[in-house]
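Asker: Provided herewith is a single structure, encoded as structure tokens, for subsequent inquiry.
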Amino acid sequence: MFDWETNTPAHSANTAISEDLGQVEYILSDKTGTLTENKMILKQCCISDTLYGNDNGDALNDVRLVNAISSNDPDVIKFLLVMALCNTVVPIRSNGDTVSYKAQSQDEVALVNAAGNLNMMLISKDSSTAEICFNGSKFLYELLDILEFTSDRKKMSIVVKEGQTGKILLLSKGADEALLPHAYPGQQIQRYLEAVEMYSQLGLRTLCLGWRDLKESEYKEWSKNFQEASCSLDNREFKMSEVCHSLERDLHILGVTAIEDRLQDGVPETIKLLRNAGINVWMLTGDKQNTAVQIGLLCNLITSEPNSQLLSISGKTEEDILRSLERALLIMKNTSETKNGYSALPRDLAFILDGWALEIILKHSKESFTRLAMLSKTAICCRMTPLQKAQLVAILKSAGYLTLAIGDGGNDVRMIQEANIGVGISGREGLQAARAADYSIGKFKFLKRLILIHGRYSYNRTAFISQYSFYKSLLLCFIQILFAFLSGLSGTSLFNSISLMAYNVFYTSLPVMTIIFDKDISETTVMQYPQILLHSQAGRLLNPTTFCGWFGRSLYHALVVFFITICAYSDEKSEMQELSMVALSGCIWLQAFVVTMDTNSFTYPQIFLIWGNFVAFYMINLILSAIPSLQLYTIMFRLCSQPSYWISMALTVAVGMGPVVAFRYFKNLYQPSAINILQQIEQSNGSIQTSGNLEAARANLTNLLTGSRKNRDSNYHPLLSDTAVSAR
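Quick note: the sequence shown, position 425, residue 425 per full-length UniProt numbering, numbers continuous.
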């Protein structure tokens, strides 16, 4: 999981929720920088009703645009000037007079680089001035005010003053729905709307650019209001937004830019694998609907196959949106299929909505939307604000699902922190998301290994360790309880304090540490059959049923150890210490075989810790038996020399483990689980003789997918379902 391209390792900031990675049910992902590379390149543009780059897909090499710049077309020059100045880019001059640019948003870097390639180069900039070089001539601009971008305004503007003429200019850029409605009266914007629609269908990111000349008196009055709003202590954000809107009006729309942002390597394969594993994947983005749909098609989030459905929740009024929501919910229910009494969803059923529709739905019909979210495997949510992303996560959490949010920028932090598990990508927009997340990775493709390999193995190991810890403690407790009845409730302990401490701290703790090396099936098999993750999602290894199984095993083993010990050493010649050591030895023998039986893969450390600890038990007690001042003096020497001791140990193992081994054998033979079948396939190296088992494994996984996933009753409800919340 090391990204060699950026030298970025994976990092874990919260190890308390590793097992929850193996139970993830919903993944909510940002788009830009998460699914895409965040390497922005200007591909096409529309200036003054003229489309550039639509023939060859590269506006920078369009002869018509180059000729327009050479002839000093005023609208084209203004368009390039807005690209170069209306941003928060910082130019960095290096050796050789080359200039590079740094910015929080890669869109701004792409626009400034494109303007530089078209001879409008930003060569220097500080807090008060900016210098532009155009066709060899330098122009100085005074930066008066910056109207910063916010997720609510969806645009930014900058007020500059020309150094030569003294003119005050307002330069603006933003989303089409935020900028085009503020065009000056009479300007025809239909061509720009068509260009935005065309570019978004190509999967390109669009921005509209605008310009307005300001009178000095108008600017001074506005600047005074702007300063008052920025210094306000009461409702400052709202006042700032209102003041900015008062200036960003009557704009001369110059054109539209179309920026390409390619998918990261491995994203389509990763999403396909995660969906096959039974994980629902949602994409939350601030882009336009058509752009989001095209990216969804490219990354296998949705398909264009005839059996797929993309339900649009939209409308011009609140009533239209609520009706489309009810219609989508009805279609989702009616197109469900019934198999074996469980509800199974069509493979590619999805819905799409924008931020405005979500705002109305959460206000008037949140319950219906929650039901829709629970039925949908895939969703595309566009034009989302950071708050709305977090609200979607909260809705799924409230329905009881374990969610994972992944993003790369500061606008994803709220979503990441709201989810049960937060994953940040160390991308080009900084480390805000990575630092706020529980886990950070270099690329989206590493998410499949984080969940399917590390998450699943961690869940399996945690399930065993937690239940085994109860087992070994209950085993001694039950023996003590049985001995209390035998001793007439006198309060006498069968085991001395040293034996009890050694049993919990040393004898039974070291062998269980080997579980960190355990793998029930290989990583290759997990990737080949990702549906096996549903065992973890359904809580098959850690639930009240399995816990009762371990409880019953501890009670049965306590009865076996106690009665065999009493029957073998209940005569008058036996000392209390002998009785105690025989019972303790029986517990050590049983726990060694229990750990061995529940270990799926053996390595040298595992063999050493399990059986080396077993040998160490006898060596330590033989040494203690050689010390005259201790109560154990000569006890172990006498026991080891008695055939009855070794017969008792053999009988304890046979009676204690025999039924367990027999039960597992017949269960694996007549009612094998998907894991058992995949283990058999691995052991036979997937030979052709196992083709029947292979089909059985697929059928078992399909049943699990259609059954346990949506019907998590008390028998299969994970005991660790609240660990992510408590860890925070």
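Note that beta-carbon positions come from the ideal geometry of N, C-alpha and C, so glycine has one too.
#1: Just to confirm the assignment, what range does the alpha helix (DSSP H) spanning residue 289 have?
#2: Can you tell me whether residue 13 is buried or exposed? The criterion is at least 16 other CB atoms within 10 Å of its CB, across all chains shown.
#3: In this structure, what does DSSP give as the bridge partners for residue 351?
#4: Would you tell me roughly how many angstroms separate the C-alpha atoms of residue 599 and residue 438, rounded to the nearest one?
#5: Count the other C-beta atoms from every protein chain shown that fall within 10 angstroms of the C-beta of residue 662, then say buried if there are 16 or more, exposed otherwise.
#6: Could you work out which residue in 441, 38, 209 is closest to residue 105 when comparing CA atoms only?
#7: With a threshold of 8 angstroms, are at least 3 pairs of Cβ atoms found where one atom belongs to the segment 404 to 419 and the other to the segment 318 to 337?
#8: Cβ of residue 28 within 8 angstroms of Cβ of residue 393?
#9: Taking the continuous alpha helix (DSSP H) assigned at residue 646, which residues delimit it?
#10: Might you give, ordered along the chain, the residues of its own chain that have their beta carbon closer than 8 angstroms to the beta carbon of residue 92, omitting 5 neighbours on each side?
#11: Are the Cβ atoms of residue 382 and residue 255 separated by less than 8 angstroms?
#12: Using only CA atoms, which one of 552, 595, 567 lies nearest to residue 514?
#13: So the candidates are 436, 280, 646, 197; which of them puts its Cα closest to the Cα of residue 208?
#14: Using CA atoms only, rank isn't needed, just tell me which of 334, 518, 140 is closest to residue 604.
#15: Measuring CA to CA, which of 611, 109, 593 is closest to residue 650?
#16: In this structure, what does DSSP give as the bridge partners for residue 142?
#17: Do residue 49 and residue 191 come within 8 angstroms of each other at the CB atom, strictly closer than that value?
#18: For residue 244 versus residue 268, is the C-beta distance shorter than 8 angstroms?
#19: Which of the three DSSP states, helix, strand or coil, is assigned to residue 478?
#20: Please state whether the Cβ-Cβ distance between residue 140 and residue 129 is less than 8 angstroms.
#21: Round the Cβ separation of residue 562 and residue 482 to the nearest angstrom and send it over; I've been treating them as touching at under 8 angstroms.
#22: Residues in its own chain within less than 7 angstroms of residue 277 by CB, not counting five upstream and five downstream?
#23: Cα-Cα, which of 553, 489, 53, 388 is closest to residue 468?
#24: Three or more C-beta pairs under 8 angstroms: does that hold for the segment 112 to 129 against the segment 84 to 91?
#25: Pop quiz: residue 634 and residue 625 are said to be a contact at Cβ under 8 angstroms. What is the actual Cβ separation, rounded to whole angstroms?
#26: Out of 157, 44, 423, state which residue places its alpha-carbon closest to the alpha-carbon of residue 445.
#27: Is residue 53 buried or exposed, if buried means 16 or more other CB atoms sit within 10 Å of its CB?
#28: Since residue 618 is in the alpha helix (DSSP H), which residue starts that stretch and which ends it?
#29: Rounded to whole angstroms, what is the Cα-Cα separation between residue 115 and residue 73?
#30: With DSSP collapsed to three states, give me the class of residue 66.
#31: Going by the DSSP bridge assignment, what does residue 52 pair with across the sheet?
#32: Assuming residue 86 and residue 171 make a contact with CB atoms under 8 angstroms, what is their CB distance in whole Å?
#33: Per DSSP, what kind of secondary structure is residue 6 in: helix, strand or coil?
#34: Taking contact to mean 3 or more Cβ pairs, one atom from each stretch, closer than 8 angstroms, check whether the segment 230 to 240 and the segment 4 to 13 are in contact.
#35: With a threshold of 7 angstroms on Cβ separation, who are the neighbours of residue 474 within its own chain once the five nearest residues in sequence on each side are excluded?
#36: Taking the beta strand (DSSP E) that residue 254 falls in, what are its first and last residues?
Answerer: Based on what the coordinates show:
#1: As a position in the sequence shown, residue 289 is number 289, starting the count at 1. Segment 289 to 298, the alpha helix (DSSP H) holding residue 289.
#2: Taking the first residue of the sequence shown as position 1, residue 13 is located at position 13. Per the 10 Å Cβ criterion, exposed.
#3: Here the question's residue 351 lines up with position 351 in the sequence shown. DSSP, once it has assigned bridges, lists 311, 379 as partnering residue 351.
#4: Indexing the sequence shown from 1 puts residue 599 at position 599. Indexing the sequence shown from 1 puts residue 438 at position 438. For residue 599 and residue 438, the distance between alpha carbons rounds to 29 angstroms.
#5: The count along the sequence shown starts at 1 and reaches residue 662 at position 662. Under this definition residue 662 is an exposed residue.
#6: Looking up residue 105 in the sequence shown gives position 105. Looking at the Cα atoms, 38 is the closest of the given residues.
#7: no
#8: For the purposes of this step, residue 28 is identified with residue 28 of the sequence shown, where counting begins at 1. For the purposes of this step, residue 393 is identified with residue 393 of the sequence shown, where counting begins at 1. Contact flag set, yes.
#9: Within the sequence shown, the letter at position 646 stands for residue 646. Counting along the chain, the alpha helix (DSSP H) containing residue 646 begins and ends at 643 to 670.
#10: Taking the first residue of the sequence shown as position 1, residue 92 is located at position 92. Only 99, 100, 101, 102 meet the Cβ criterion.
#11: Locating residue 382 in the sequence shown gives position 382, counting from the first residue. Locating residue 255 in the sequence shown gives position 255, counting from the first residue. No, these two residues do not count as a Cβ contact at 8 angstroms.
#12: Position 514 of the sequence shown, counted from the start, is the residue given in the question as residue 514. Considering only alpha carbons, the answer is 595.
#13: In the sequence shown, the residue the question calls residue 208 occupies position 208. Cα-wise, what sits closest to residue 208 is 197.
#14: Your numbering for residue 604 matches position 604 in the sequence shown. With distances taken between Cα atoms, residue 604 lies closest to 518.
#15: Taking the sequence shown and counting its residues from 1, the one referred to as residue 650 is at position 650. Nearest C-alpha to residue 650: 593.
#16: The residue you call residue 142 lines up with position 142 of the sequence shown. Paired residues: 129, 161.
#17: Residue numbering aside, residue 191 sits at position 191 when the sequence shown is read from its first letter. Residue numbering aside, residue 49 sits at position 49 when the sequence shown is read from its first letter. Closer than 8 angstroms, so yes.
#18: Numbered from 1 along the sequence shown, position 244 holds the residue referred to as residue 244. Numbered from 1 along the sequence shown, position 268 holds the residue referred to as residue 268. Their beta carbons are not under 8 angstroms apart, which means residue 244 does not touch residue 268 by this criterion.
#19: One-based indexing of the sequence shown puts residue 478 at position 478. DSSP places residue 478 in helix when its eight states are reduced to three.
#20: Here residue 140 corresponds to residue number 140 of the sequence shown, with the count starting at 1. Here residue 129 corresponds to residue number 129 of the sequence shown, with the count starting at 1. Their beta carbons are under 8 angstroms apart, which means residue 140 touches residue 129 by this criterion.
#21: Taking the first residue of the sequence shown as position 1, residue 562 is located at position 562. Taking the first residue of the sequence shown as position 1, residue 482 is located at position 482. With a Cβ gap of about 5 angstroms, residue 562 and residue 482 count as contacting.
#22: Locating residue 277 in the sequence shown gives position 277, counting from the first residue. Around residue 277: 452, 530, 531, 533.
#23: Indexing the sequence shown from 1 puts residue 468 at position 468. Closest by alpha carbon: 553.
#24: yes
#25: For the purposes of this step, residue 634 is taken as residue 634 along the sequence shown, with counting starting at 1. For the purposes of this step, residue 625 is taken as residue 625 along the sequence shown, with counting starting at 1. So it is a contact: roughly 6 angstroms between Cβ atoms.
#26: As a first step, residue 445 is located in the sequence shown; it is residue number 445 there, counting from the start. Looking at the Cα atoms, 423 is the closest of the given residues.
#27: In the sequence shown, the residue the question calls residue 53 occupies position 53. Residue 53 is buried by the Cβ-count criterion.
#28: Position 618 of the sequence shown holds residue 618. Run containing residue 618: 604 to 624, per the alpha helix (DSSP H) assignment.
#29: Working through the sequence shown from its first residue, we reach residue 115 at position 115. Working through the sequence shown from its first residue, we reach residue 73 at position 73. Cα-Cα distance, rounded: 15 angstroms.
#30: Stepping through the sequence shown from its first residue, residue 66 is reached at position 66. Looking at residue 66 - three-state DSSP - the assignment turns out to be helix.
#31: On the sequence shown, residue 52 is found 52 positions in, with the first residue counted as 1. For residue 52, which the question treats as bridged, DSSP gives the partners 45.
#32: The residue you call residue 86 lines up with position 86 of the sequence shown. The residue you call residue 171 lines up with position 171 of the sequence shown. The Cβ separation is near 4 angstroms, so the contact holds.
#33: Here residue 6 corresponds to residue number 6 of the sequence shown, with the count starting at 1. Here residue 6 sits in coil by DSSP.
#34: no
#35: By 1-based counting over the sequence shown, the position of residue 474 is 474. If we look at residue 474 and ignore the five residues flanking it on each side, its Cβ neighbours are 551, 554.
#36: Working through the sequence shown from its first residue, we reach residue 254 at position 254. 252 to 263 is the span of the beta strand (DSSP E), which, as asked, contains residue 254.
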